[in-house]
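Enquirer: Below is the structure I would like to discuss, written out as structure tokens.
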Amino acid sequence: MRQSMHVLRTHPNRRGLSEITESVRGWVSKQGISQGMLTLFCRHTSASLLIQENAARAVRNDLEKFFDELAPEGANYEHDDEGPDDMPAHLKTALTQVQLNVPVMGGKLMLGTWQGIYLFEHRAHPSPREIVLHLVGE
Amino acid sequence: MRQSMHVLRTHPNRRGLSEITESVRGWVSKQGISQGMLTLFCRHTSASLLIQENAARAVRNDLEKFFDELAPEGANYEHDDEGPDDMPAHLKTALTQVQLNVPVMGGKLMLGTWQGIYLFEHRAHPSPREIVLHLVGE
Amino acid sequence: MRQSMHVLRTHPNRRGLSEITESVRGWVSKQGISQGMLTLFCRHTSASLLIQENAARAVRNDLEKFFDELAPEGANYEHDDEGPDDMPAHLKTALTQVQLNVPVMGGKLMLGTWQGIYLFEHRAHPSPREIVLHLVGE
Numbered sequence: 084m085r086q087s088m089h090v091l092r093t094h095p096n097r098r099g100l101s102e103i104t105e106s107v108r109g110w111v112s113k114q115g116i117s118q119g120m121l122t123l124f125c126r127h128t129s130a131s132l133l134i135q136e137n138a139a140r141a142v143r144n145d146l147e148k149f150f151d152e153l154a155p156e157g158a159n160y161e162h163d164d165e166g167p168d169d170m171p172a173h174l175k176t177a178l179t180q181v182q183l184n185v186p187v188m189g190g191k192l193m194l195g196t197w198q199g200i201y202l203f204e205h206r207a208h209p210s211p212r213e214i215v216l217h218l219v220g221e
Numbered sequence: 084m085r086q087s088m089h090v091l092r093t094h095p096n097r098r099g100l101s102e103i104t105e106s107v108r109g110w111v112s113k114q115g116i117s118q119g120m121l122t123l124f125c126r127h128t129s130a131s132l133l134i135q136e137n138a139a140r141a142v143r144n145d146l147e148k149f150f151d152e153l154a155p156e157g158a159n160y161e162h163d164d165e166g167p168d169d170m171p172a173h174l175k176t177a178l179t180q181v182q183l184n185v186p187v188m189g190g191k192l193m194l195g196t197w198q199g200i201y202l203f204e205h206r207a208h209p210s211p212r213e214i215v216l217h218l219v220g221e
Numbered sequence: 084m085r086q087s088m089h090v091l092r093t094h095p096n097r098r099g100l101s102e103i104t105e106s107v108r109g110w111v112s113k114q115g116i117s118q119g120m121l122t123l124f125c126r127h128t129s130a131s132l133l134i135q136e137n138a139a140r141a142v143r144n145d146l147e148k149f150f151d152e153l154a155p156e157g158a159n160y161e162h163d164d165e166g167p168d169d170m171p172a173h174l175k176t177a178l179t180q181v182q183l184n185v186p187v188m189g190g191k192l193m194l195g196t197w198q199g200i201y202l203f204e205h206r207a208h209p210s211p212r213e214i215v216l217h218l219v220g221e
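Protein chains in written order, with this note's numbering: chain P, 84 to 221; chain D, 84 to 221; chain X, 84 to 221.
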């Protein structure tokens, strides 16, 4: 058993879901670990991680719209120092999550046919984001 | 330290919460690992995993009703190719999660007294589902 | 590779978010593991774990208020044996989560600058809570 760790840096150009499956898969394929567990960890409180449908773009549009309506801008938030998208970003992060696990078998991510890994950016003007990748296995 | 992996196959006969604790516990007990970490991963985008109250059936009824109302059928979704339960299923999966961790100590799952592990099926006419189990420890 | 496990016991004195980062960091720093993965697991169905903003108190107020409104007391729940805060507590737990992963590098938690680890207590009169900490690495 051994482990490998990496910090994936990405700069989303818009709010919403950006697929990172290929970057993750590329790093995993170079670690020489055929069976194990991958963990992803997003080091932010206004962006999160989500495994979701990778085929229909409409699913992602509906997901973004749903979370925009569930945690709307302009509600009467106590915290609005950084603009109207600030507190909704924290709420959306809390409703999804900042870490994911994906098993690895035969050197491949055990994602289902329709599953992709997404960074879910919640700020209107995104900053660079860091996602820690950790793989343990053999 | 060593690891063990298995794909649990299950076919829910209805929408909602189906307990899988006993199937998971049975597999864990046969791996000869007394201390470690179990990870479960659901390979789907319209079914999720949840650890919740295993005593009162009413809790599960209220949970199912709550998510049905939070992500209702018949909202004005862009994506409805597979019927009115399709997009609500993706939303409920995003609001819960497709992976869980449960520590193992003394060969037993460290679940609390009232915790059970559930597959949360979100489609009206469920397909067979695959849940990857991964155990690392010694 | 080796692992270490501990049960952190805490008794929140109120409903809402209580930071546990320092307790977790203290335990991790004594395990002699410089690189690895920490997993936290909350053994309850009416309290959860959340990684969120550790600076502005207003963010936590807004988070608590948001979840109070999303899963309100007094809705027409089937399950109300243990009082009006019982079923909302289960719903809030389901909407957040009972487990977290945090990578460890150089002996330190890889939390982002603004990230703290919180126990999210959902009962009005909290009981003692148990959080399992598991660290694997080298």
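We put the beta carbon where it would ideally sit given N, CA and C, even for glycine.
Please list the partners that His-217(P) has in chain X, where partner means a Cβ-to-Cβ separation under 7 Å.
Expert: Your numbering for residue 217(P) matches position 134 in the first sequence. Those within 7 Å of His-217(P) in chain X are Met-120, Pro-186.
Enquirer: Look at the alpha carbon of Val-185(X) and the alpha carbon of Val-215(X), and state the distance between them as a whole number of angstroms.
Expert: One-based indexing of the third sequence puts residue 185(X) at position 102. One-based indexing of the third sequence puts residue 215(X) at position 132. Taking the straight line joining both Cα atoms gives about 13 Å.
Enquirer: Taking only three categories from DSSP, how would you classify Met-67(D)?
Expert: Residue 67(D) cannot be examined here, being either before or after the span of chain D that is shown, 84 to 221.
Enquirer: Would you tell me roughly how many angstroms separate the C-alpha atoms of Gln-114(X) and Val-187(X), rounded to the nearest one?
Expert: Here the question's residue 114(X) lines up with position 31 in the third sequence. Here the question's residue 187(X) lines up with position 104 in the third sequence. Going from the Cα of Gln-114(X) to the Cα of Val-187(X) covers about 11 Å.
Enquirer: What runs of the beta strand (DSSP E), each 3 residues or longer, lie entirely inside the stretch 166 to 203 of chain D?
Expert: Those beta strand (DSSP E) runs which fall completely within the stretch 166 to 203 of chain D and span 3+ residues are 182 to 188.
Enquirer: Starting from the beta carbon of Met-193(D), find every residue of chain P whose beta carbon is closer than 8 Å, and list them in chain order.
Expert: Counting from one through the second sequence, the residue named residue 193(D) turns up at place 110. Per Cβ cutoff of 8 Å: no residues; Met-193(D) is ~17 Å from chain P at best.
Enquirer: Ser-101(P): which of Gln-86(P), Ala-207(P), Asn-144(P), Leu-202(P) sits nearest, CA to CA?
Expert: As a working note, residue 101(P) is residue 18 in the first sequence. Answer by Cα proximity: Leu-202(P).
Enquirer: Enumerated in chain order, which unbroken segments of the beta strand (DSSP E) with a length of 3 residues or greater are wholly contained in the stretch 100 to 134 of chain P?
Expert: Qualifying beta strand (DSSP E) stretches, in chain order: 119 to 125.
Enquirer: Considering only the beta carbon of each residue, do Asn-144(D) and His-162(X) sit closer than 9 Å?
Expert: What you label residue 144(D) is simply residue 61 of the second sequence in a count that begins at 1. What you label residue 162(X) is simply residue 79 of the third sequence in a count that begins at 1. Closer than 9 Å, so yes.
Enquirer: Contact between the stretch 156 to 176 of chain P and the stretch 143 to 158 of chain X is defined here as three or more beta-carbon pairs at a separation below 8 Å; is this criterion met?
Expert: Touching, yes, given that three or more Cβ pairs across the two stretches are closer than 8 Å.
Enquirer: Looking at chain X, is there any beta carbon in it that lies within less than 9 Å of the beta carbon of Val-142(D)?
Expert: The sequence position of residue 142(D) within the second sequence is 59, counting from 1. By this cut-off, Val-142(D) is an interface position.
Enquirer: Relative to the C-alpha of Asp-140(X), which residue among Trp-110(X), Arg-212(X), Trp-197(X) is closest?
Expert: Locating residue 140(X) in the third sequence gives position 57, counting from the first residue. The sequence given here places Arg at residue 140(X); Asp does not occur at that position. Nearest option by C-alpha distance: Trp-197(X).
Enquirer: Flag this pair as yes or no: are the beta carbons of Met-84(P) and Gln-86(D) separated by less than 9 Å?
Expert: The sequence position of residue 84(P) within the first sequence is 1, counting from 1. The sequence position of residue 86(D) within the second sequence is 3, counting from 1. Yes, the pair counts as a contact, with Cβ atoms nearer than the cut-off.
Enquirer: In chain D, what lies closer than 7 Å to Ile-134(P) by C-beta?
Expert: Taking the first sequence and counting its residues from 1, one reaches residue 134(P) at position 51. Correct list: Val-181.
Enquirer: Using only alpha-carbon positions, find the residue among Arg-97(P), Met-120(P), Ala-158(P) that is nearest to Pro-211(P).
Expert: As a working mapping, residue 211(P) is identified with position 128 in the first sequence. The shortest C-alpha separation from Pro-211(P) is found at Arg-97(P).
Enquirer: Where does the unbroken alpha helix (DSSP H) through Arg-143(X) begin, and where does it stop?
Expert: Counting from 1 along the third sequence, the entry for residue 143(X) is found at position 60. Here the alpha helix (DSSP H) through Arg-143(X) covers 140 to 153.
Enquirer: Can you tell me whether Glu-105(D) is buried or exposed? The criterion is at least 16 other CB atoms within 10 Å of its CB, across all chains shown.
Expert: As a working note, residue 105(D) is residue 22 in the second sequence. Under this definition Glu-105(D) is an exposed residue.
Enquirer: Could you tell me the boundaries of the beta strand (DSSP E) in which Gly-157(X) lies?
Expert: As a working mapping, residue 157(X) is identified with position 74 in the third sequence. Per DSSP, Gly-157(X) belongs to no beta strand (DSSP E) and is neither H nor E.
Enquirer: Does His-205(D) come out as helix, strand or coil in the three-state DSSP assignment?
Expert: Counting from 1 along the second sequence, the entry for residue 205(D) is found at position 122. In the structure shown, His-205(D) sits in coil (DSSP, three-state: anything other than H, G, I, E or B).
Enquirer: Could you tell me which chain P residues have their CB closer than 7 Å to the CB of Tyr-46(D), listed as they occur along the chain?
Expert: Outside the displayed span of chain D (84 to 221) sits residue 46(D), for which this structure offers no information.
Enquirer: Given that Phe-124(D) touches chain P, what residues does it touch there, using C-beta distances under 8 Å?
Expert: Here residue 124(D) refers to the residue found at position 41 when the second sequence is read from its first residue. What Phe-124(D) touches in chain P: Asn-184, Val-185, Pro-186, Met-193.
Enquirer: Cα separation between Leu-132(P) and Gly-189(D)?
Expert: Within the first sequence, residue 132(P) is the residue found at index 49, counting from 1. Within the second sequence, residue 189(D) is the residue found at index 106, counting from 1. Approximately 33 Å, taken between the alpha carbons.
Enquirer: Give the straight-line distance between the Cα atoms of Ala-207(D) and Asp-164(D), rounded to the nearest whole angstrom.
Expert: Taking the first residue of the second sequence as 1, we reach residue 207(D) at position 124. Taking the first residue of the second sequence as 1, we reach residue 164(D) at position 81. If I take the Cα positions, the gap works out to 14 Å.
Enquirer: If we ignore side chains and look at the alpha-carbon of each, how far apart do Leu-123(X) and Val-219(D) end up?
Expert: Position 40 of the third sequence holds residue 123(X). Position 136 of the second sequence holds residue 219(D). Going from the Cα of Leu-123(X) to the Cα of Val-219(D) covers about 15 Å.
Enquirer: In three-state DSSP terms, what is Glu-92(X)?
Expert: For the purposes of this step, residue 92(X) is taken as the residue at position 9 of the third sequence. For clarity, residue 92(X) is Arg in the given sequence; the question names Glu instead. Arg-92(X): strand per DSSP, three-state reduction.
Enquirer: Give the straight-line distance between the Cα atoms of Ile-116(X) and Lys-191(X), rounded to the nearest whole angstrom.
Expert: Indexing the third sequence from 1 puts residue 116(X) at position 33. Indexing the third sequence from 1 puts residue 191(X) at position 108. C-alpha separation (whole angstroms): 9 Å.
Enquirer: List, in chain order, every chain X residue whose beta-carbon is nearer than 9 Å to that of Arg-85(P).
Expert: Within the first sequence, the letter at position 2 stands for residue 85(P). Met-84, Glu-221, listed in chain order.
Enquirer: Can you tell me whether Val-107(D) is buried or exposed? The criterion is at least 16 other CB atoms within 10 Å of its CB, across all chains shown.
Expert: As a working note, residue 107(D) is residue 24 in the second sequence. Buried.
Enquirer: Check whether chain D comes within 9 Å of Asp-145(P), counting only Cβ atoms and requiring the distance to be less than that.
Expert: For the purposes of this step, residue 145(P) is taken as residue 62 along the first sequence, with counting starting at 1. Asp-145(P) counts as touching chain D.
Enquirer: Whole angstroms is fine: what's the gap from Gly-195(D)'s alpha carbon to Arg-126(X)'s?
Expert: The residue you call residue 195(D) lines up with position 112 of the second sequence. The residue you call residue 126(X) lines up with position 43 of the third sequence. In a straight line, the C-alpha of Gly-195(D) is about 4 Å away from that of Arg-126(X).
Enquirer: How would you write the range of the beta strand (DSSP E) that Glu-221(D) sits in, first residue to last?
Expert: Indexing the second sequence from 1 puts residue 221(D) at position 138. That residue, Glu-221(D), is in no beta strand (DSSP E); it is neither H nor E in DSSP.
Enquirer: Is it right to say Pro-155(P) is buried, meaning 16 or more other beta carbons lie within 10 angstroms of its own, or is it exposed?
Expert: Counting from one through the first sequence, the residue named residue 155(P) turns up at place 72. Flag for Pro-155(P) reads exposed.
Enquirer: What do you get for Ser-129(X), buried or exposed, if any count of 16 or more other CB atoms within 10 angstroms of its CB means buried?
Expert: Mapped onto the third sequence, residue 129(X) falls at position 46. Label assigned to Ser-129(X): buried.
Enquirer: Does Lys-148(D) come within less than 9 Å of chain A when only Cβ atoms are used?
Expert: Absent from the structure is chain A; the protein chains it does hold are P, D and X.
Enquirer: If we ignore side chains and look at the alpha-carbon of each, how far apart do Gly-109(P) and Gln-118(X) end up?
Expert: In the first sequence, residue 109(P) corresponds to position 26, counting from 1. In the third sequence, residue 118(X) corresponds to position 35, counting from 1. Distance between the alpha carbons of Gly-109(P) and Gln-118(X): 22 Å.
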